[in-house]
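**Student:**
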Amino acid sequence: MNAPRAIGDIKRDLESFVGSKIRLKANRGRNRIIEKEGVLESIYPNIFVVKLDERKVE
């Protein structure tokens, strides 16, 4: 099993994408995977704020 990445490492990787369009993919369990597109607005110590494009149809 891979060691989990520290939140600081993930934050550093995402800082270059602030203001960029991104795609989120979430596993909701039992083969339910949702994908959303939005803009990465800001990064805080333990929170990533994404403004979703709700006009998109799934």
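All you need for my numbering is the position in the sequence shown, starting with 1, plus 55. The C-beta atom is built at its ideal place from N, Cα and C for all residues, glycine as well.
Name the two residues that bound the continuous alpha helix (DSSP H) containing Arg67.
**Tutor:** Sequence index remark: in the sequence shown, residue 67 carries index 12 (1-based). Segment Ile62 to Leu69, the alpha helix (DSSP H) holding Arg67.
**Student:** My understanding is that Glu92 touches Lys76, with C-beta atoms under 8 Å, so please give their C-beta distance in whole angstroms.
**Tutor:** On the sequence shown, position 37 is the one that residue 92 refers to. On the sequence shown, position 21 is the one that residue 76 refers to. Correct: roughly 7 Å between the Cβ atoms.
**Student:** Who does Ser19 pair with in a DSSP beta bridge?
**Tutor:** Any answer about residue 19 is impossible in this case: the structure gives the chain only from 56 up to 113.
**Student:** Over what stretch of residues does the beta strand (DSSP E) that includes Glu92 continue unbroken?
**Tutor:** For the purposes of this step, residue 92 is identified with residue 37 of the sequence shown, where counting begins at 1. Element bounds for Glu92: Ile88 to Ile98.
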